[in-house]
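Q: With mature numbering (1 follows the signal peptide of the UniProt record, and there is no 0) as the guide, the letters of the sequence shown map in order to residues -28 to -1, 1 to 77.
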Amino acid sequence: MNKFKMISLSLVAVISVGVSANVSSVQAAENLTPEVSVASDTFWYYTTVAYTTTQSMWVSVAHNGKMYSGYIYNRGFAPGNTGESFFSGTLRVGPYAPSAMIGQE
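Next comes the structure, spelled out in structure tokens:
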């Protein structure tokens, strides 16, 4: 019985060393340099305005030293206030022009 305990403990020790070696190699293979993606240059924006039936509006907002632009969409009545409309949407970095205005003078 004593030999069985010794063998089983040795087996557990070998397996745990093998697993920790694999985990450390996985962590070492991780890319440590940050990558800039399109998703990181977006900003969720919302606002309330006087009641309107307009479906969308173009906004440009300065946030954390960057200019974000894009369309926000009418989501209906603002919570708790029926005299205002709630607009929200995702804005992208950059002072883009609205697509409806491109090509028009």
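Note that beta-carbon positions come from the ideal geometry of N, C-alpha and C, so glycine has one too.
Taking the straight line between their C-alpha atoms, what separation do you get for residue 65 and residue 52?
A: As a position in the sequence shown, residue 65 is number 93, starting the count at 1. As a position in the sequence shown, residue 52 is number 80, starting the count at 1. Answer to the nearest angstrom: the Cα atoms are 31 Å apart.
Q: Determine the burial state of residue 42: buried for a count of at least 16 other Cβ atoms within 10 Å of its Cβ, exposed for fewer.
A: Counting from one through the sequence shown, the residue named residue 42 turns up at place 70. That one is buried.
Q: Going by the CB atoms, is the gap between residue 49 and residue 28 shorter than 9 Å?
A: Translated into positions along the sequence shown, residue 28 becomes position 56. Translated into positions along the sequence shown, residue 49 becomes position 77. In this structure, residue 49 does not lie closer than 9 Å to residue 28 by Cβ.
Q: Among residues of its own chain, excluding the 5 on either side of residue 33, which ones have a beta-carbon nearer than 8 Å to its beta-carbon?
A: Sequence index remark: in the sequence shown, residue 33 carries index 61 (1-based). Once the five neighbours on either side are set aside, the close Cβ partners of residue 33 are 15, 17, 39, 40, 41 and 63.
Q: Take residue 30 and list the residues in its own chain whose beta-carbon comes closer than 7 Å to its own, dropping the five residues that flank it on each side.
A: Mapped onto the sequence shown, residue 30 falls at position 58. So the qualifying residues of the chain are 43 and 70.
Q: Does the CB of residue 66 have a neighbour CB from chain B at under 9 Å?
A: Here chain B cannot be found, since the structure has a single protein chain.
Q: Identify every run of the beta strand (DSSP E) within the region 8 to 47, keeping only runs that are complete inside it and at least 3 residues long; order them along the chain.
A: Complete beta strand (DSSP E) runs here, min 3: 14 to 22 and 28 to 35.
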